[in-house]
Each structure stands twice: as C-alpha cells, then as structure tokens.
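Residue numbering for the sequence shown follows numbering that gives the first Met the number 0, starting at 0 and increasing by one per position.
Since the structure comes first, as structure tokens, the remarks are kept for the end.
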Amino acid sequence: MRFGAEAERFIDNQKILMHCRWRKLSSDMMIDAFLPHMLKMQVHIFKAMTPTRPAPPNGLYVKNRSDKQLWNKAAEGELNNCFPEDKTKDTNQSIVPCGLIAWSLFNDTYRFLTNNKDLTIKKKNIAWGSDQRFKFGSKVYPKNFQNRDLIGGARLNESIPVAREKS
C-alpha cells in the first residue's frame, strides 16, 4: 500500500512544503520525505498519529498513562489509567512506566538518510525542558517495562531514571 501527503511548515517565516510518501512494510512503516531545499538549522521532527478509524471512546489511548507514576517513585502503584500495560501477568507487579503511551513512545525506531548515508540523530536531552522539569521525576526508574508477551522493540535500562532514559 502507498499513501501520500504534503505538509506545510514555516521556518523563519519561510514556508517549507514537505512532500511525503509512505508504504506499509509488515509491522514497519517507511516514510520518504523530500525537502525542496537544504535546511541549515536544527530541525525538529514531530510524529503525529491520526486515526484511520474512529478514535476510542473518551480518547482512551491519550489517557492511557499515569502522570503521578512518572513524577513520583512512591506512586508506582498508580495504575488506574494504564490497562492493559499496567501489571505483569505472572507476578502481578506494577509496570513503570505504565500504559500504552509509554509502551508506544519508547519503542519507535527512526533512521534518517540523505544521499543513502545515515544522518546523525540527537537522541539524548530531546524532551522539552518543561517536561524534564515538571513531568518526569528524577528518582523514577523503569520496572518490569517490556517484560510482557508483546514487546514493541526497545527495553529501558532499569538503572537509569525514566527522565534520563529517553529525554
């Protein structure tokens, strides 16, 4: 299957039109983007998902996380909005970070190429400063993350705080 889109962006009051095409490859998605001219500044790439079918009732995916758990180690049992990624099946222990948001957020893999050569991608300290200061507690560590039957790809290092792991 092939799909296509055009995305308008404004950079320094200059309109950039990015042409994209993507095709479904098994469970991977490949996106080819062509920019009309060279960009000489830091480029931020955002991924937005739009549903191809009606959204779940009450925006369940968007709410499928525990902000309290991400902020405070003592709140690791705050799992009210995290099902089905809330507890381990075998030992019934809390998953940190819990919920589908964390499960999908930490498991995307990106590769960028230009002229068939890999581009260097900054992977550390990329979270918004406000998120680093006010959303993720410095003493919250991953626990039982990606230890279930369905694994999205990456695992988190349990000796590194969640705030530092992918921020």
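The beta carbon of each residue, even a glycine, is placed where N, CA and C say it ideally should be.
Note that the coordinates shown come from a computational prediction; the quantities given were computed from them, not determined experimentally.
Asked	Found
Which whole-angstrom value is the C-beta distance of residue 160 and residue 137, which I expect to be below 8 angstroms?	6 angstroms
Residues in its own chain within less than 6 angstroms of residue 164 by CB, not counting five upstream and five downstream?	155
Quick check on residue 116: does DSSP put it in helix, strand or coil?	strand
Taking DSSP as the reference, what is the three-state secondary structure of residue 158?	coil
Following the continuous alpha helix (DSSP H) through residue 136, name the residue where it begins and the one where it ends.	That residue, residue 136, is in no alpha helix (DSSP H); it is neither H nor E in DSSP.
In the structure shown, what three-state DSSP assignment does residue 65 receive?	coil
Decide yes or no for the touch test of the segment 58 to 67 against the segment 80 to 91: beta carbon pairs closer than 8 angstroms, at least 3 of them.	yes
Is the distance from the Cβ of residue 157 to the Cβ of residue 142 below 8 angstroms?	yes
Measure the C-alpha to C-alpha separation of residue 131 and residue 111 and round it to an integer number of angstroms.	25 angstroms
Can you say whether residue 54 is buried or exposed, counting buried as having 16 or more other CB atoms within 10 angstroms of its CB?	Confidence at residue 54 is low in this model, with a pLDDT of 49, below 50, so its placement is unreliable and no value can be given for it.
Can you tell which of 124, 93, 99, 87 has the C-alpha that lies nearest to the C-alpha of residue 73?	93
What's the call for residue 61, buried or exposed, on a 16-neighbour Cβ count within 10 Å?	exposed
Specify the secondary structure class of residue 72 as computed by DSSP and reduced to three states.	helix
With burial defined as no fewer than 16 other Cβ atoms inside 10 Å of the residue's Cβ, what is the status of residue 127: buried or exposed?	exposed
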